[in-house]
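Throughout the sequence shown, residue numbering follows my numbering, covering -14 to 151 in sequence.
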Amino acid sequence: MKGKMTEVIRLFAQRLRTSLLGENFAVFCGASGNKFLFSSGEQASHHMVAALFGSKFSFPTDAEHSTKVEATKMRAIHPDFLKPEALQRYIPIMYSMSKQHLETDWSTPCKELKLFPLSKKYSFALACRLFMNTQDNEQVTRFANPFNLVTAGLVSIPVNVALRVG
């Protein structure tokens, strides 16, 4: 898609129209896109987010709401497990798991460590421990295999977009 999009932009225009998820939208490329985004695009993006996802994900502008009102709204939509009281309970678990992870997975005598798979493994094991109270490595691996398939599919969804110049 990237090559095709680059070719369309090079041949036709820096501004393209299309439709995605049933909503009309425009693609601004290059300097004109940056100019629009940093001059008036912020106002347009608030309306777009509100239209696509509803009011839960629309972020108010500074002129609309005070900081106190915004903070109250953000606290209301945060799940309980992200509140400071809950996070304090998780710190000892996170500390012991990270220590164990560093001792087992990072102390191997090799020339190169691949950071992404190791951090993904640690993050998933930590999530299993905190949310499902699972400490068994076999069970975590059994959960991780289908989860990795789903996340790989989410990242690699092909999208075909019809573009119109103008």
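Glycine included, every Cβ here is placed at the ideal spot set by N, Cα and C.
These numbers were taken from a predicted model, which means no experiment stands behind them.
Next on the checklist: Can you list, in chain order, the residues of its chain with a C-beta nearer than 6 angstroms to that of A11? Leave out the 5 residues immediately preceding and following it.
Outcome noted: R2
Item to check | First through last residue of the beta strand (DSSP E) which encompasses I88 | outcome: Per the sequence presented here, residue 88 reads as Glu, with Ile not at that position. Run containing E88: none in the beta strand (DSSP E); it sits in the alpha helix (DSSP H), 69 to 90.
Checklist entry - If you follow the alpha helix (DSSP H) that E14 is part of, which residue opens it and which one closes it? => result It is worth fixing the name first, because residue 14 is Cys in this sequence and not Glu. Careful: C14 lies outside any alpha helix (DSSP H) and carries neither H nor E.
Checklist entry - For the segment 117 to 126 against the segment 88 to 99, are there 3 or more C-beta pairs whose distance is under 8 angstroms? => result no
Next on the checklist: Considering only DSSP beta bridges, list what T3 is partnered with.
Outcome noted: F10
Checklist entry - Roughly how many angstroms separate the alpha carbons of A110 and K96, rounded to a whole number? => result 25 angstroms
Item to check | Three-state secondary structure (DSSP) of P94 | outcome: coil
Checklist entry - Closest to C14 by CA distance: which of E8, R0, G7 is it? => result R0
Item to check | Local conformation of D65 per DSSP, three classes | outcome: helix
Checklist entry - From E8 to T136, what distance separates their C-alpha atoms? => result 26 angstroms
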